[in-house]
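If you count by UniProt numbering, then the sequence shown holds residues 1 to 638, one letter each, in order. Don't be surprised by glycine CBs; every beta carbon is placed ideally from N, CA and C. Comments concern the structure below.
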Amino acid sequence: MFIKRSFLGLLLLACVLTAYPQGKKGKGYQYTIDLTNVVNDKLYVELLPPPTSQNEITFYLPKMVPGTYSIEDYGRFVSDFTAADKKGNKLVTEKLNDNAWKIKGAKKLAKISYWVEDSYDTQLPGPDIFQPAGTNIEDGKNFVLNTSGFFGYLDGVKDTPFQFSVIRPEAFYGSSGLIPLQTGKPVSTVRKEAGTADKAKRVDTFQATNYDELIDSPLMYAKPDTAVIKVSNTEVLIGSYSPNNRVTAKQIAASIREVLMAQKEFLGGKLPVNKYAFIFYFTDQPVTSYGALEHSYSSFYYMPEQTIEEMNQQLRDFAAHEFFHIVTPLTIHSEEIGHFDFNDPKMSQHLWMYEGVTEYFAGSVQVRYGLITPEEYLDVVREKMVTADQFANDVPFTDISRFTLDKYHDQYGNVYMKGALIGLCLDLKLRKLSGGKSGLPDLLMELSKKYGKEKSFRDDVLFDEITAMTYPEIGEFFAKHVKGTAPLPLAEVLGTAGVLYKDEIQVEDYSMGLSQNNIGITQVNGKPMLEISTTANMNEMGVALGFQNGDVLQKINGETLPDLGPELGAFLQHQRDALPTLKTMAFTVLRKDASGAQQPVELSAPMRKVKVSQKHLLAFDPDATPEQIALRNAWLKK
């Protein structure tokens with residue numbers, strides 16, 4: 001996607017932009033981005049920066065942003081970076097790394113401009129960006145503006161206002177948690193060229209108090225598909241983009257309304273924000289991952305495009321998790337989060353709270369307010385236990401948090417599994433110690449009052465503070481099971497609420513011959529497909545079928561596997577449900593021959609029951625004592 005500089009030079013002369021004249025000259029940053037001028041899948045960004053007294057200064061785009069816990073290197077998407085004085089004369093610049101440019105003669109700096117490519121379909125080298133933190137440029141269709149991908153800052157100048165204007169097609173709407181300064185103004189308010197015919201274009205202008213708030217505020221522009229839910233004191237916006245119109249914002253709103261109302265009650269009847277936005281981007285392309293990213297006043301969702309019926313529960317689960325982030329880290333966060341360093345990030349040791357407790361609450365609120373049954377909730381808990389077994393259990397959870405960017409990056413997924421189980425244990429222990437009077441939600445509310453959005457806690461003292469606010473036994477739990485490596489006391493804790501727990505049993509059952517540990521993802525002709533990543537620990541059925549490392553799954557019992565995404569899960573469940581009716585289990589796999597070419601190979605074996613392991617079995621004890629039942633009710637009922 002390289003554009004010759006000579007062409008860009010002419011183009012820049014043709015589309016000089018100035019920011020909307022809001023406020024006095026020299027106050028803060030004034031950005032403009034033009035969605036109506038897409039060139040080679042790039043957008044033009046212009047900045048009128050605040051003045052500086054330095055001869056040299058560095059301009060940054062973020063290396064990473066809060067909530068992703070991975071490196072993004074947004075600056076690598078920037079090209080034709082230019083700095084100029086007020087007469088338009090170029091200043092000398094030097095690119096220091098992917099995310100930093102040194103500007104010389106910075107006292108004269110009046111304007112910075114550059115072009116930005118999007119991350120969704122990039123061919124540029126570098127780390128893959130989790131799509132909810134990424135950027136999308138689809139001319140005339142959709143623009144995902146995660147602000148970290150478009151807007152930067154001058155070194156040492158982050159705590160000053162940022163104002164940005166978005167030039168858009170008249171028919172487009174911008175979904176965001178930000179409350180705009182103004183919307184729908186004629187484009188002449190930002191363009192100075194005489195005679196410019198821009199009747200079909202409009203300008204929206206937004207303001208953030210500082211760079212942290214700017215990066216905390218994603219936007220999505222497309223033709224309007226929105227709905228609004230009033231949740232207590234909060235206006236909740238649903239903004240959706242579905243390329244084939246398979247789902248609408250109104251359907252999403254109807255799906256998640258009950259969850260939001262339950263969360264309102266769970267949080268005491270009032271929410272700490274006046275406006276909140278759920279922003280949904282649905283893709284019709286095969287996916288290897290999808291999910292959501294939280295922000296203080298919004299959350300962004302990247303999901304496969306399905307009907308509302310196909311993803312109802314998943315939408316509820318996602319929305320419940322992300323919406324709870326208005327508690328943590330919005331109102332409870334460490335200094336590492338409250339004063340985030342976008343280009344030299346320091347990680348907190350408390351992912352057990354930021355993500356783990358949030359995930360625990362996302363399930364807890366649904367069972368407490370009758371959106372799922374207690375039995376269904378035990379299935380949710382068991383699934384987290386089973387999945388947590390796939391991660392390391394001999395590393396302190398605090399270390400996984402602190403070093404999640406490097407040596408424990410592959411363990412990050414466990415924050416949603418073991419992290420949630422830590423939350424469960426804490427909730428039940430607090431309820432047991434208080435005689436059912438208070439639990440983990442009450443503790444989080446007390447922490448919110450103690451700190452709040454503007455006050456950060458010290459990362460190394462939180463455990464001591466919580467212990468002082470609660471009981472010595474809670475401090476012992478943290479020391480042994482969060483800062484230490486002792487396994488979580490699941491049987492003991494669940495037993496206090498009359499839940500029977502068995503770590504593992506052996507049974508005879510039908511099997512497809514594969515477990516999640518045997519499966520990986522590979523690319524075949526540019527398309528992601530399932531492969532046998534290892535044949536280790538396959539059961540008797542898998543051995544009888546004759547799988548080999550590197551086999552790519554093409555068909556099961558004559559039916560072609562769908563593309564990676566939610567349809568695949570439903571397909572595999574259909575195959576599992578049919579196992580008792582089969583006489584033969586059959587797979588078609590692609591296997592490399594002697595020349596390295598992939599050839600279809602048929603595998604089959606007679607269907608029979610084999611020994612399989614079932615782990616983490618949970619059931620309510622029919623002989624639970626009155627004390628256990630009382631604690632269970634305090635835990636699972638409102």
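| query | result |
| --- | --- |
| Within a Cβ cutoff of 8 Å, which residues of the same chain sit near L181, ignoring the five residues on either side of it in sequence? | Q22, Q163, T205, F206 and Q207 |
| For S148 and Y301, I'd like the C-alpha separation in whole angstroms. | 16 Å |
| Would you say the stretch 321–340 touches the stretch 352–370, given that touching needs at least three Cβ pairs under 8 Å? | yes |
| Please name the residue, chosen from F280, K270 and N244, that lies closest to S176 on a Cα-to-Cα basis. | F280 |
| Under 6 Å Cβ to Cβ from E531, same chain only, skipping five residues before and after it: list those, please. | G520, T522 and V552 |
| Under a three-way DSSP split, which group does K611 fall into? | strand |
| Only counting runs of 3 or more residues, tell me where the beta strand (DSSP E) segments fall wholly within the stretch 80–161, in order along the chain. | 93–97, 100–104, 111–117, 135–138 and 142–145 |
| Give the list of continuous beta strand (DSSP E) stretches no shorter than 3 residues that lie fully inside the stretch 288–319. | 291–294 and 298–304 |
| To which residues of the same chain is Y74 closer than 6 Å at the C-beta, ignoring the five residues directly before and after it? | L61, P62, S148 and G149 |
| Can you find the residues in the same chain that come closer than 7 Å, C-beta to C-beta, to I256, ignoring five residues on each side of it along the sequence? | L315, R316 and A319 |
| Can you tell me whether I400 is buried or exposed? The criterion is at least 16 other CB atoms within 10 Å of its CB, across all chains shown. | buried |
| Hey, would you say L545 sits closer than 8 Å to G596, going by beta carbons? | no |
| For D204, list the residues DSSP reports as bridge partners. | V166 |
| Between which two residues does the beta strand (DSSP E) harbouring T534 extend? | Neither: T534 is in no beta strand (DSSP E) and is coded neither H nor E. |
| For G520, name the three-state secondary structure that DSSP assigns. | strand |
| Going residue by residue through the stretch 236–296, where are the continuous alpha helix (DSSP H) segments of at least 4 residues, counting only ones entirely within it? | 249–266 |
| So, at 8 Å on beta carbons, what are the nonlocal neighbours of L35 in its own chain, with the 5 sequence-adjacent residues on each side left out? | L43, F143, V166, I167, R168, P169, F172 and Y221 |
| For K25, count neighbouring C-beta atoms within 10 Å of its own C-beta (all shown protein chains included) and say buried if the count is 16 or more, exposed if not. | Below a pLDDT of 50, predicted positions are generally treated as unreliable, and K25, at 42, falls in that range; no measurement from the model is reported. |
| For the candidate residues R608, T588, E376 and Y31, whose alpha-carbon lies nearest to that of Q599? | T588 |
| Span of the beta strand (DSSP E) holding T183? | Q182 to P186 |
| Using the Cα positions of G105 and N97, report the straight-line distance between them to the nearest angstrom. | 20 Å |
| Looking at L214 and I57, is the spacing between their C-beta atoms short of 8 Å? | no |
| Let me know if S364 comes out buried or exposed under the rule of 16 or more other beta-carbons within 10 Å of its beta-carbon. | buried |
| Using beta carbons (cut-off 8 Å, strictly below), is Y281 in contact with chain B? | Of the chains in the structure shown, none is chain B; there is only one protein chain. |
| Per DSSP, what kind of secondary structure is K638 in: helix, strand or coil? | coil |
| Return the residue from the list G452, G435 and Q349 that minimises the CA-CA distance to Q628. | G435 |
| Take A388 as the anchor and find which of E376, M541 and G419 has the nearest alpha-carbon. | G419 |
| For G423 versus R431, is the C-beta distance shorter than 8 Å? | no |
| Output yes or no for whether 8 Å exceeds the beta carbon distance between W352 and F397. | yes |
| Measure the CB-CB distance between P286 and G565 and report whether it falls below 8 Å. | yes |
| Tell me whether T404 is buried or exposed, calling it buried when 16 or more other Cβ atoms sit within 10 Å of its Cβ. | buried |
| Using only alpha-carbon positions, find the residue among D593, I337 and A292 that is nearest to S348. | I337 |
| What does the alpha-carbon distance come out to for the pair G291 and L260? | 19 Å |
| How would you label I505, buried or exposed, when you count the other beta carbons within 10 angstroms and need 16 or more for buried? | exposed |
| Can you name, in chain order, every residue of its own chain whose Cβ lies under 8 Å from the Cβ of K4, other than the five neighbours on each side? | Per-residue confidence for K4 stands at a pLDDT of 27, beneath the threshold of 50, marking its modelled position as unreliable; the derived number appears in the next sentence. Answer for K4: no residue qualifies. |
| Taking just the CA atoms, how far does A630 sit from P528? | 50 Å |
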